[in-house]
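Top line first, the protein sequences correspond to chains A and B. One rule links them: number in the numbering used here = place in the first sequence (from 1) + 6. Number 118 in the numbering used here belongs to position 123 of the second sequence; there are no gaps in the numbering. Here a beta-carbon is modelled for each residue, glycine too, at the ideal position from N, C-alpha and C. Here is the structure we will look at, set down as structure tokens.
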Amino acid sequence: MSTAPERDENGRFVKADRKAGSPVTPGGEHPLSKVLFGWVENKRTPNLLLLAVSVLSVFLILLDFVLHRHDYISFAETGGFYAFWGFGAFALAVLAGWPLGHLLRRGEDYYGEADTRPFDTEAEE
Amino acid sequence: MMPLLPALNPGLLMVVMGLIAVVLPWQRLRQFLLVLTPVFCSVLLLGAERGVDLATVQTLGLNLVLFKVDSLSFIFALAFLIASFLNAIYAMHTDDRLQDGMAMAYAGAAIAATLAGDLMTLFIFWEITAVSSVFLILRAGTKAAYQAAMRYLVIQVFSGVLLLNGLAYVHGDGGDLSLTAFTSFAEPGSVLIFLAFAIKAAFPFLHNWLQDAYPKATVVGAVVLSAFTTKLAIYAFARMFPGFEILIWIGAVMTVFPVFFAVIENDLRKVLSYSLNNQLGFMICAIGIGTPLAINGAAGHAFAHIIYKGLLFMSMGAVLYRVGTVKATELGGLYKSMPWTTIFCIIGAMSISAFPLFSGFVAKSMTMSAVGSGGYTLVWLMLLFASAGVLEHSGIKIPYFTFFGHDAGHRVKEAPFNMLLAMGLAAFICIAIGLPMIGGLGYGWLYGLLPCTAAAVADVCLSSGEAIKTYQPYTLDHVITQMQLLVLAILAFMLLKRAGLYPPERPGTILDTDWFYRKPGYGLAKWSGDVWLKLGPAMTRISAALFQRTFDRLEAAFSPRGALAREGLATTMSVWAAALLGFVMLVVLFVG
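See below:
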């Protein structure tokens, strides 16, 4: 049994893919997002990711004690040097954000130039 | 016609095409031409003979070399051409004659400057890049953009003025304006030219025009701006100042300080601008080392950087276009609406973070090796710190706060197809030149373009006296150490985030050194203006009164009714004449 094709208020046919949920309709979600990033919404994902990265970290550090690396700088050949430096540098950069934010952050309109949205954007206010 | 073409600087052709585009009202025709022009110009560049003056002009007693290609200028010009091709595709969704045309003219000027064979030609196109690019900021149409554009223009033109002054000294010293590298700051003009380049390369304390102007440009404008001006300066430094030790330290500082600003900045296009600054630091540092490996590192890094930084600006541009903002506080969860943009952004982020298999890895390895083997331990540690910093702001912060993190609830359309196409092509290049060599594809393609290889040698490669060696990026040591650095930094991110120690994004303006000229500097200018407005009339009144009084006295003495005329003229005048003569004689006596 076939149903009559759907028409809009002007009597034109409504294309099937223009209905709610399709990627071209504002307000919808892109169908590809579920396929590619559906796992992000899983509640266990954060824990699993942390576990995976931790295991990988330990593995990479252990590699240093199995293989003998050569480096241009002698102390960089110490086991776990790059791992230590990467962790420390990242933590330092991020933690410095607390005092620096207090020191350097002012109001959005500090220079009287709060409106920086260029004309060639599409979105409505 | 045919003999003319090989002598035509492709950049000049692009400038002309850009100016034509400004008056072409038909959108599709104009955009078709603008996509085609870089392709045609690439053919001209590839066919150009290396190492000879292809076009020369004698004017005003100067011998101008309009077109010269060698292996150093080639890789920069090619990167610029690819960028302008991608940018032309990226801009196709808007119908904006001025923006389209000026983007092409600006890219053309940067290419023409790169392919210039003398300082005067370099200067001319150096200034054209400034004047054409300012429209990309002005077009945003906001008060903030207008004011930033004016500051940008003043600073850029000032850089040109310094260059012109410097080249005048060089000319005065021997009349040779050819682009031969300086050997020390003792050479006339070298300091001025160094400063001119330093402004465009956004050296520390001279950098703020970049973070001020780029985030306020149009969606397309910021993408275009990110490619050319600063990399033209990198090219100029590699050409004129290779091996200057001061550059090593300046470069190292440049890699480190933007990291801290990028962490607390809320505007993600501004975060990318700080990140751009940090990347330039790596290149400047490599140029300071000056060995063939280091020059290759700077050039390879510039090439890879132009593509992945453009890609990151494109992805943020797409978000800005659809959502209307790129403030981290107002974004999140966009992977639901813009999954393609998300993927391309992540590819750009992994490239700039120098993950193995991506372009940043094969490019940055050369610089790190050159610094390490040069024995600059402290500098090497600073660059390693900055590498983790890049991962923080460009590798994690940009994609995480935009596409994941807290869902801000924006449900928008995916980016327009032309934007996705440009991003897709850029992402393809990021991977294609980053892979290990498999069946003729991979990093070898990028390495084949480098200025210091067995097949091609630019003059600057020989200045350090070191031999040219083949470099292997994919050794076990390189891959393992880079993965250790990055994975542990990611672990740090996860742990800090869980512990609530990651500073939350907050709206606001972050003060940087531009505060000095935007607040006290501007305040001083305004104050002195106010003072002058009050003081001026007062001084006019005082001087008028003074003149009036003096005139009255003189009139009282010398006029026909005056004091001197009353007693017999002869006696009084003779006394005065004698006094005057005596005075003159005294003066002559003492002075003579």
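When burial is assigned at 16 or more other CB atoms within 10 Å of the CB, is residue i buried or exposed?
i, result
"Q26(B)", "buried"
"T109(B)", "buried"
"Q206(B)", "buried"
"S154(B)", "buried"
"S569(B)", "exposed"
"G434(B)", "exposed"
"R112(A)", "exposed"
"E119(A)", "buried"
"A233(B)", "buried"
"L407(B)", "Correcting the residue type first, residue 407(B) is Val in the shown sequence and not Leu. Looking at its Cβ environment, which holds 16 or more other Cβ atoms inside 10 Å, V407(B) is buried."
"K322(B)", "buried"
"W571(B)", "exposed"
"G27(A)", "Caution applies to G27(A), whose pLDDT of 37 falls short of 50 and renders its modelled position unreliable; the model cannot decide the point."
"K195(B)", "buried"
"R123(A)", "buried"
"S523(B)", "exposed"
"V38(B)", "exposed"
"H76(A)", "exposed"
"M414(B)", "buried"
Counting only the same chain and skipping the five closest in sequence on each side, list residues whose C-beta sits under 6 Å from that of residue i.
i, result
"L307(B)", "L267 and G343"
"A453(B)", "D65, S66, L67 and P446"
"F71(A)", "G85"
"V357(B)", "G429, Y438 and P468"
"I391(B)", "F488"
"A105(B)", "F75, T124, F223 and L227"
"D23(A)", "Confidence at D23(A) is low in this model, with a pLDDT of 42, below 50, so the placement of that residue is unreliable and no value is reported for it."
"A144(B)", "V129, I132 and L133"
"F71(B)", "T109 and Y230"
"A247(B)", "C280, V374 and M377"
"I463(B)", "P287 and C447"
"V474(B)", "P351"
"P29(A)", "Because the pLDDT at P29(A) is just 38, under 50, the model does not fix this residue reliably, and the value given afterwards should be weighed accordingly. Only H36 meet the Cβ criterion."
Among the options, whose alpha-carbon lies nearest the alpha-carbon of residue i?
i, options, result
"A139(B)", "V149(B), A78(B) and K211(B)", "K211(B)"
"V46(A)", "L329(B), P33(B), F255(B) and I77(B)", "L329(B)"
"A163(B)", "L57(B), Y442(B) and G435(B)", "L57(B)"
"G460(B)", "P5(B), L31(B), Y147(B) and P237(B)", "P237(B)"
"A102(A)", "A462(B), F256(B), A228(B) and K195(B)", "F256(B)"
"E260(B)", "L68(A), Y78(A), E128(A) and H108(A)", "H108(A)"
"S80(A)", "L376(B), A383(B) and G400(B)", "L376(B)"
"L49(B)", "L7(B), L31(B), L29(B) and P1(B)", "P1(B)"
"E318(B)", "H405(B), L40(B), C280(B) and S270(B)", "A small fix is needed here, since residue 318(B) is Val in this sequence, not Glu. Among H405(B), L40(B), C280(B) and S270(B), the Cα nearest to that of V318(B) is on H405(B)."
"L326(B)", "M87(B), R501(B) and P555(B)", "R501(B)"
"L38(A)", "T448(B), M361(B) and S332(B)", "S332(B)"
"K514(B)", "T127(A), F93(A), R123(A) and Y116(A)", "Y116(A)"
"T54(B)", "P5(B), Q22(B) and M115(B)", "M115(B)"
"M99(B)", "M9(B), V258(B), E409(B) and P532(B)", "M9(B)"
"Y303(B)", "A422(B), G96(B) and F412(B)", "A422(B)"
Spatial neighbours of residue i within its chain, please: CB distance less than 7 Å, with the 5 preceding and 5 following residues excluded, ordered by chain position.
i, result
"L93(B)", "V17, F130 and R134"
"F252(B)", "P199"
"L66(A)", "A89"
"L220(B)", "S128, L131, Y209 and A212"
"A365(B)", "A281, I284, T286, L288, A289 and G292"
"H166(B)", "L172"
What does a CB cutoff of less than 8 Å around residue i pick up in its chain, not counting 5 residues either side in sequence?
i, result
"G439(B)", "M432"
"P394(B)", "T337, C340, I341 and A344"
My assumption, with CB atoms under 8 Å, is that residue i sits in contact with residue j. Please give the rounded CB distance.
i, j, result
"G369(B)", "I284(B)", "5 Å"
"T224(B)", "T124(B)", "6 Å"
"I426(B)", "L352(B)", "7 Å"
"N273(B)", "H202(B)", "About 10 Å; that fails the 8 Å criterion."
"G6(B)", "V60(B)", "Going by Cβ atoms, the distance from G6(B) to V60(B) rounds to 13 Å, so no, they are not a contact pair."
Is there at least one non-hydrogen atom of the ligand HEM closer than 7 Å to the beta-carbon of residue i?
i, result
"R146(B)", "Although the ligand HEM was asked about, the structure shown includes no ligands whatsoever."
Is there at least one Cβ from chain D nearer than 8 Å to residue i's Cβ?
i, result
"T122(A)", "Going by chain labels, chain D is absent from the structure shown, which instead holds the protein chains A and B."
Discussion item. What are the residues in the region 93 to 117 of chain A lying within 9 Å of chain B by C-beta distance?
Written reply: So the list reads F93, G94, A95, F96, A97, L98, A99, V100, L101, A102, G103, W104, L106, G107, L109, L110, R111, R112, G113, E114, D115, Y116 and Y117, given in the order they occur along the chain.
Discussion item. For the region 472 to 494 of chain B, list every residue whose C-beta sits within 7 Å of some C-beta in chain A, in sequence order.
Written reply: Per Cβ criterion, the list reads D472, I475, T476, M478, Q479, L480, L481, V482, L483, A484, I485, L486, A487, F488, M489 and L491.
Worksheet item: For the region 352 to 376 of chain B, which residues have a beta carbon sitting closer than 7 Å to at least one beta carbon of chain A?
Response: Those would be S364, G367, S368, T372 and W375, in chain order.
Worksheet item: Taking a cut of 8 Å between CB atoms, which residues from the region 317 to 338 of chain B lie near chain A?
Response: Listed by position along the chain: R317, V318, G319, T320, Y330, K331, S332, M333, P334, W335, T337 and I338.
Worksheet item: Of all the residues that make up the region 89 to 112 of chain B, which are near chain A by a beta-carbon distance shorter than 9 Å?
Response: For chain A, the residues of the region 89 to 112 of chain B that bring a beta carbon within less than 9 Å of one of its beta carbons are T89, D91 and Q94, in chain order.
Worksheet item: Given a limit of 8 Å on CB to CB distance, which residues of the region 126 to 141 of chain B reach chain A?
Response: Of all residues in the region 126 to 141 of chain B, R134, A135, G136, T137, K138, A139 and A140 have a Cβ within less than 8 Å of some Cβ in chain A.
Worksheet item: Taking a cut of 9 Å between CB atoms, which residues from the region 197 to 210 of chain B lie near chain A?
Response: Against chain A - using a Cβ distance shorter than 9 Å - the residues of the region 197 to 210 of chain B are P210.
Worksheet item: Going along the region 212 to 246 of chain B in order, which residues come within less than 9 Å of chain A, judged by CB to CB distance?
Response: Near chain A, meaning a CB-to-CB distance below 9 Å, the residues of the region 212 to 246 of chain B are A212, T213, V214, V215, G216 and A217.
Worksheet item: In chain order, what residues of the region 495 to 506 of chain B put their CB closer than 8 Å to some CB of chain A?
Response: Under the 8 Å Cβ criterion, the region 495 to 506 of chain B contributes L496, Y497, P498, R501, P502, G503, T504, I505 and L506.
Worksheet entry | Contacting positions in the region 247 to 263 of chain B - beta carbon closer than 9 Å to chain A | Against chain A - using a Cβ distance shorter than 9 Å - the residues of the region 247 to 263 of chain B are V254, F255, F256, A257, V258, I259, N261 and D262.
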